[in-house]
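Engineer: If you're matching them up, the sequences are chains A and B in order. Under my numbering, think of the first position of the first sequence as 106, with each following residue one higher. Under my numbering, think of the first position of the second sequence as 47, with each following residue one higher. Before we start, here is the structure in question, set down as structure tokens.
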Amino acid sequence: MIFFKKYPLLFLLALGVLVLFTVVAFLPTPHDYNHQDLLKRFVPPFFKDGSDFLYPLGTDHLGRDMLSRIMAGIKISYFIALSGTFVGAVIGTLLGFTAVRFRGIVDEIIMGMVDTQASLPFIIIAIALLSVIESSFLVIVVLLGVAGWEKYARLTRGLSLSAVTHGYARAVSSLGASQGRILFIHILPNISSALIVNMTLNFPGTMIAESSLSFLGLGIQPPLVSLGRLLGEGRVYLLTAWWVTVFPGIVIFISTLAMTIIGDWVRDRIGTE
Amino acid sequence: MLLPVMLFKKIYCFLIAHSYFVVKILRAVITTFIILVLSFFMVRASGNPAEIYLGDNATPKMVEYFNKKWGLDEPLYVQFLTYFSSVISGDMGDSLIKNRPVSEIITERIPATLSLMVPAAAISMFLGIILGMIAALHHKKITDGGILLASIIGFSLPNFFFGVILIYFFSVVLGLLPSSGNDSFRHYIMPLIAIITADVAVFTRFTRAALIDIFEKHYITNFRALGIKEKRILFLQALPNASIALLTISGFYIGSLVAGAIVTETIFSWPGLGSLLIASVKARDMPLVQGLILLFGISIVAANLIIDFLYGVIDPRIRKRAS
Chain A
106 MIFFKKYPLL FLLALGVLVL FTVVAFLPTP HDYNHQDLLK RFVPPFFKDG
156 SDFLYPLGTD HLGRDMLSRI MAGIKISYFI ALSGTFVGAV IGTLLGFTAV
206 RFRGIVDEII MGMVDTQASL PFIIIAIALL SVIESSFLVI VVLLGVAGWE
256 KYARLTRGLS LSAVTHGYAR AVSSLGASQG RILFIHILPN ISSALIVNMT
306 LNFPGTMIAE SSLSFLGLGI QPPLVSLGRL LGEGRVYLLT AWWVTVFPGI
356 VIFISTLAMT IIGDWVRDRI GTE
Chain B
47 MLLPVMLFKK IYCFLIAHSY FVVKILRAVI TTFIILVLSF FMVRASGNPA
97 EIYLGDNATP KMVEYFNKKW GLDEPLYVQF LTYFSSVISG DMGDSLIKNR
147 PVSEIITERI PATLSLMVPA AAISMFLGII LGMIAALHHK KITDGGILLA
197 SIIGFSLPNF FFGVILIYFF SVVLGLLPSS GNDSFRHYIM PLIAIITADV
247 AVFTRFTRAA LIDIFEKHYI TNFRALGIKE KRILFLQALP NASIALLTIS
297 GFYIGSLVAG AIVTETIFSW PGLGSLLIAS VKARDMPLVQ GLILLFGISI
347 VAANLIIDFL YGVIDPRIRK RAS
């Protein structure tokens, strides 16, 4: 019972689902996810009449296997969410440290950038840029990273400033350590838990942002697939084949739900310590 | 001789005394300027306008004439100044595809977006605050757990997926509601539900968290010890104190409302600004994209400025801290 008190059932369930999705996504796909078979268009999923056991989740308008496409989509969506979050954390932390290291006008400029970024929604910035730059995998990762950097910058700056002005950082500084050394060797490990909490809390948002963009047709481009793009593509065929839209949607929903639950748990656990 | 000095001193004192508001206005002006610069270069970066407009078969003479006509042979800063002054006077050029002024196309679409967003925001805020209050009053009980779980689900349910599910059930299976357009009251039901589900969740979570935080404060314990009823404490003490946190959320919310508008309008083919933006990005109609980005950006900056002002009015401590 103590185990469940420490790790609530909901959290274990959420973690289990995410691990399951990831493992399934990395299994070999039953078909090539881009293989078209026009004789097998709109095969329904296994529990409906006329289904084909080779295509357990049915096929789309070009006869492509939905299970394989969803597996490939999970891989790309998760990877983008992970790397987007990571890029944002790195950029934000570095800029936060820069603001603390130099203070004065540099600090003002960086905080001004933080304010500007925070007041403009990600999707506006993304659409403005994607109307100019051709969308690609790398562009999306960088965009999502840039979308979240300001939270990390604000967090890093705030926590580092309070560490620099009083406490252990002053002790190390009086021993002759350089500013950069204090920030990276001494302060970074101490504020890392707050940064990690922020990362887990941001993770579902990053995933939804990517799928929204792909849903609108501005994100991941063919031949790559992401869960949002599958949903956006399938929407047109809602009348004839709901499964093409609904299955990727359910995977997105369950993933973001699980990530939110994990994020809340991590915040409650680490935040109170 | 003395008069200008006194006047200057008066203005200076006024600015110092209201430095919180002055700094906020300056920030907003700078942000607006950044948005203007970005939108100017956005169109320049998308390619040579003459090439896009005239096509591959244009002779050098045609290109020269085109550049002269639109002032593209001027130095960049002159072009920017021209752009700047024309935007200020409300002229944002002509749409490349519709061949009509951008400002005209945008103005036509504003009512559709506002008539969807304003009720959605109002209902979400109202319901979210009520649910957050109920949850906070029943903290650590089953009601609280239920509301919290529901809000986590609402928050995780992407509105593009939820919208599609709504269309499937109410339009495809049941045939009750129309799936696109905004001609009648019935058209509003599904888009409103799709936006509100996600947004109520955000407000509920924040109201709950803010109230629970305040309920643990000493002054609340003091009121409880005095035997004041819980409801009275909630409405007269806790809620006014939570309004600061709610204001912060409203600031972030305006951004997510715009983002939600873009996605929801696309799903329900709503003839508003969001679906227009996506359509014009896909059609590479750069003047229209530029105009819309400007409009969205500047209205968000303006809304945030209003919220910053409200901060200063509600909580004078914030004003002092900033100055």
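Backbone N, C-alpha and C define an ideal beta-carbon position, used for all residues, glycine too. Because the structure is a prediction, the values reported are computed rather than measured.
Excluding the 5 residues preceding and the 5 following Gly155 of chain A in the sequence, name in chain order all residues of the same chain whose CB lies nearer than 8 Å to its CB.
Structural biologist: For the purposes of this step, residue 155 of chain A is identified with residue 50 of the first sequence, where counting begins at 1. Only Val148 and Pro149 meet the Cβ criterion.
Engineer: Grouping DSSP H, G and I as helix and E and B as strand, with all else coil, what is Asp170 of chain A?
Structural biologist: Within the first sequence, residue 170 of chain A is the residue found at index 65, counting from 1. Here Asp170 of chain A sits in strand by DSSP.
Engineer: Taking only three categories from DSSP, how would you classify Thr164 of chain A?
Structural biologist: On the first sequence, residue 164 of chain A is found 59 positions in, with the first residue counted as 1. In the structure shown, Thr164 of chain A sits in a strand (DSSP, three-state: E or B).
Engineer: Can you give me the C-alpha to C-alpha distance between Glu378 of chain A and His264 of chain B, rounded to a whole angstrom?
Structural biologist: Position 273 of the first sequence, counted from the start, is the residue given in the question as residue 378 of chain A. Position 218 of the second sequence, counted from the start, is the residue given in the question as residue 264 of chain B. Bear in mind that the predicted position of Glu378 of chain A carries a pLDDT of just 41, short of 50, making it too unreliable to give a figure here.
Engineer: In its own chain, which residues sit with a C-beta less than 7 Å from the C-beta of Phe67 of chain B, not counting the 5 before and 5 after it?
Structural biologist: Start at 1 with the first residue of the second sequence, and residue 67 of chain B comes out as number 21. These residues qualify, in order along the chain: Phe355 and Gly358.
Engineer: Expressed to the nearest angstrom, what Euclidean distance is found between the alpha-carbon atoms of Ile239 of chain B and Tyr299 of chain B?
Structural biologist: As a first step, residue 239 of chain B is located in the second sequence; it is residue number 193 there, counting from the start. As a first step, residue 299 of chain B is located in the second sequence; it is residue number 253 there, counting from the start. Going by the C-alpha atoms only, they are around 17 Å apart.
Engineer: Helix, strand or coil: which one does DSSP assign to Thr377 of chain A?
Structural biologist: Along the first sequence, read from residue 1 onward, the residue named residue 377 of chain A stands at position 272. Annotation note: pLDDT 48 at Thr377 of chain A (below 50); position unreliable, no value reported.
Engineer: Quick check: the Cα distance between Met218 of chain A and Ala91 of chain B, rounded to an integer number of angstroms?
Structural biologist: Walking along the first sequence from the start, residue 218 of chain A turns up at place 113. Walking along the second sequence from the start, residue 91 of chain B turns up at place 45. Looking at the two C-alpha atoms, the distance is approximately 22 Å.
Engineer: On the criterion of 16 or more Cβ atoms from any shown chain inside 10 Å, does Leu243 of chain A qualify as buried, or is it exposed?
Structural biologist: The residue given as residue 243 of chain A occupies position 138 in the first sequence. Under this definition Leu243 of chain A is an exposed residue.
Engineer: Smallest Cα separation from Met88 of chain B: which of B:Ile352, B:Ile241, B:Leu334 and B:Ala196?
Structural biologist: In the second sequence, residue 88 of chain B corresponds to position 42, counting from 1. The candidate whose alpha carbon is nearest that of Met88 of chain B is B:Leu334.
Engineer: Could you name the residues of the same chain whose beta carbon sits closer than 8 Å to that of Val124 of chain A, not counting the 5 residues immediately before and after it, in chain order?
Structural biologist: Taking the first sequence and counting its residues from 1, the one referred to as residue 124 of chain A is at position 19. Here the set comprises nothing.
Engineer: According to DSSP, what are the bridge partners of Pro147 of chain B?
Structural biologist: Within the second sequence, numbered from 1, the residue matching residue 147 of chain B stands at position 101. For Pro147 of chain B, which the question treats as bridged, DSSP gives the partners B:Asp140.
Engineer: Return helix, strand or coil for Lys114 of chain B, following the three-state DSSP convention.
Structural biologist: Here residue 114 of chain B refers to the residue found at position 68 of the second sequence. Helix, per DSSP.
Engineer: Check each residue of the region 250-265 of chain A: if its Cβ is closer than 7 Å to any Cβ of chain B, include it; give the result in chain order.
Structural biologist: Result list empty, no residue passes.
Engineer: Quick one, are the C-beta atoms of Met138 of chain B and Gln336 of chain B less than 8 Å apart?
Structural biologist: Reading the second sequence from its first residue, position 92 is the one you call residue 138 of chain B. Reading the second sequence from its first residue, position 290 is the one you call residue 336 of chain B. Cβ distance < 8 Å, so Met138 of chain B and Gln336 of chain B count as in contact.
Engineer: Are the beta-carbon atoms of Gly209 of chain B and Phe314 of chain B separated by less than 8 Å?
Structural biologist: The residue you call residue 209 of chain B lines up with position 163 of the second sequence. The residue you call residue 314 of chain B lines up with position 268 of the second sequence. Cβ distance < 8 Å, so Gly209 of chain B and Phe314 of chain B count as in contact.
Engineer: At least one CB of chain A closer than 8 Å to the CB of Arg73 of chain B: is that the case?
Structural biologist: Locating residue 73 of chain B in the second sequence gives position 27, where the first residue counts as 1. Yes, Arg73 of chain B lies at the interface with chain A (some Cβ there is under 8 Å from its Cβ).
Engineer: Kindly indicate the opening and closing residues of the alpha helix (DSSP H) around Tyr357 of chain B.
Structural biologist: On the second sequence, position 311 is the one that residue 357 of chain B refers to. Start and end: Met332 to Ile360.
Engineer: Between Ser224 of chain A and chain B, is any beta-carbon pair separated by less than 8 Å?
Structural biologist: For the purposes of this step, residue 224 of chain A is identified with residue 119 of the first sequence, where counting begins at 1. Ser224 of chain A counts as touching chain B.
Engineer: Please report the Cβ distance between Arg146 of chain A and Thr164 of chain A, rounded to the nearest whole angstrom; I am assuming they are in contact, meaning their Cβ atoms lie under 8 Å.
Structural biologist: Walking along the first sequence from the start, residue 146 of chain A turns up at place 41. Walking along the first sequence from the start, residue 164 of chain A turns up at place 59. Their Cβ separation, rounded to whole angstroms, is 6 Å, which keeps Arg146 of chain A and Thr164 of chain A in contact under 8 Å.
Engineer: Which two residues bound the contiguous alpha helix (DSSP H) that contains Asn205 of chain B?
Structural biologist: If you number the second sequence from 1, residue 205 of chain B lands on position 159. Unbroken alpha helix (DSSP H) run through Asn205 of chain B: Asn205 to Leu212.
Engineer: Any C-beta of chain D within less than 8 Å: which residues of the region 338-350 of chain A qualify?
Structural biologist: Going by chain labels, chain D is absent from the structure shown, which instead holds the protein chains A and B.
Engineer: Determine the extent of the alpha helix (DSSP H) in which Lys277 of chain B is found, giving its start and end residues.
Structural biologist: Position 231 of the second sequence holds residue 277 of chain B. Unbroken alpha helix (DSSP H) run through Lys277 of chain B: Glu276 to Ile279.
Engineer: Going straight from the alpha carbon of Val218 of chain B to that of Arg278 of chain B, what length do you get?
Structural biologist: Looking up residue 218 of chain B in the second sequence gives position 172. Looking up residue 278 of chain B in the second sequence gives position 232. About 48 Å.
Engineer: Is the beta carbon of Gly324 of chain A sitting closer than 8 Å to the one on Ile245 of chain A?
Structural biologist: Within the first sequence, residue 324 of chain A is the residue found at index 219, counting from 1. Within the first sequence, residue 245 of chain A is the residue found at index 140, counting from 1. Yes, the pair counts as a contact, with Cβ atoms nearer than the cut-off.
Engineer: Helix, strand or coil for Gln222 of chain A per DSSP?
Structural biologist: For the purposes of this step, residue 222 of chain A is identified with residue 117 of the first sequence, where counting begins at 1. Here Gln222 of chain A sits in helix by DSSP.
Engineer: Taking the alpha helix (DSSP H) that Ile313 of chain A belongs to, which residues open and close that run?
Structural biologist: Here the question's residue 313 of chain A lines up with position 208 in the first sequence. Run containing Ile313 of chain A: Leu293 to Phe320, per the alpha helix (DSSP H) assignment.
Engineer: With distances taken between CB atoms, is the gap from Phe202 of chain B to Thr365 of chain A smaller than 8 Å?
Structural biologist: Here residue 202 of chain B refers to the residue found at position 156 of the second sequence. Here residue 365 of chain A refers to the residue found at position 260 of the first sequence. Checking the sequence, you will find Ser at residue 202 of chain B rather than Phe. Yes; because the gap between Cβ atoms is below 8 Å, this pair is in contact.
Engineer: For the alpha helix (DSSP H) that Trp254 of chain A lies in, which residues bound it at each end?
Structural biologist: Locating residue 254 of chain A in the first sequence gives position 149, where the first residue counts as 1. Phe242 to Thr270 is the extent of the alpha helix (DSSP H) around Trp254 of chain A.
Engineer: For a test of the three-state rule: what should DSSP assign to Lys107 of chain B, helix, strand or coil?
Structural biologist: Numbered from 1 along the second sequence, position 61 holds the residue referred to as residue 107 of chain B. Helix.
Engineer: Counting C-beta neighbours from all protein chains within 10 Å, is the total for Glu154 of chain B 16 or more, i.e. buried, or is it exposed?
Structural biologist: Numbered from its first residue, the second sequence carries residue 154 of chain B at position 108. Glu154 of chain B should be labelled exposed.
Engineer: Please go through the same chain and pick out, in chain order, the residues whose beta-carbon is closer than 6 Å to the beta-carbon of Met176 of chain A, but skip the five residues on each side of it.
Structural biologist: Within the first sequence, numbered from 1, the residue matching residue 176 of chain A stands at position 71. For Met176 of chain A, where only same-chain residues beyond five positions count, the Cβ hits under 6 Å are Ala130 and Thr134.
Engineer: Between which two residues does the alpha helix (DSSP H) harbouring Lys328 of chain B extend?
Structural biologist: As a first step, residue 328 of chain B is located in the second sequence; it is residue number 282 there, counting from the start. It spans Leu319 to Lys328 - the alpha helix (DSSP H) in which Lys328 of chain B sits, taken as one unbroken run.
Engineer: Could you give the distance in angstroms between the alpha-carbon of Phe404 of chain A and the alpha-carbon of Val192 of chain A?
Structural biologist: Residue coverage of chain A in this structure runs from 106 to 378, which leaves residue 404 of chain A outside it and unanswerable.
Engineer: Take Ile229 of chain A and list the residues in its own chain whose beta-carbon comes closer than 7 Å to its own, dropping the five residues that flank it on each side.
Structural biologist: Numbered from its first residue, the first sequence carries residue 229 of chain A at position 124. Nothing meets the Cβ criterion.
Engineer: Hey, does Met171 of chain B have any beta-carbon neighbour from chain A nearer than 8 Å?
Structural biologist: Residue mapping note: residue 171 of chain B aligns to position 125 of the second sequence, counting from 1. Cβ-Cβ to chain A under 8 Å: no for Met171 of chain B.
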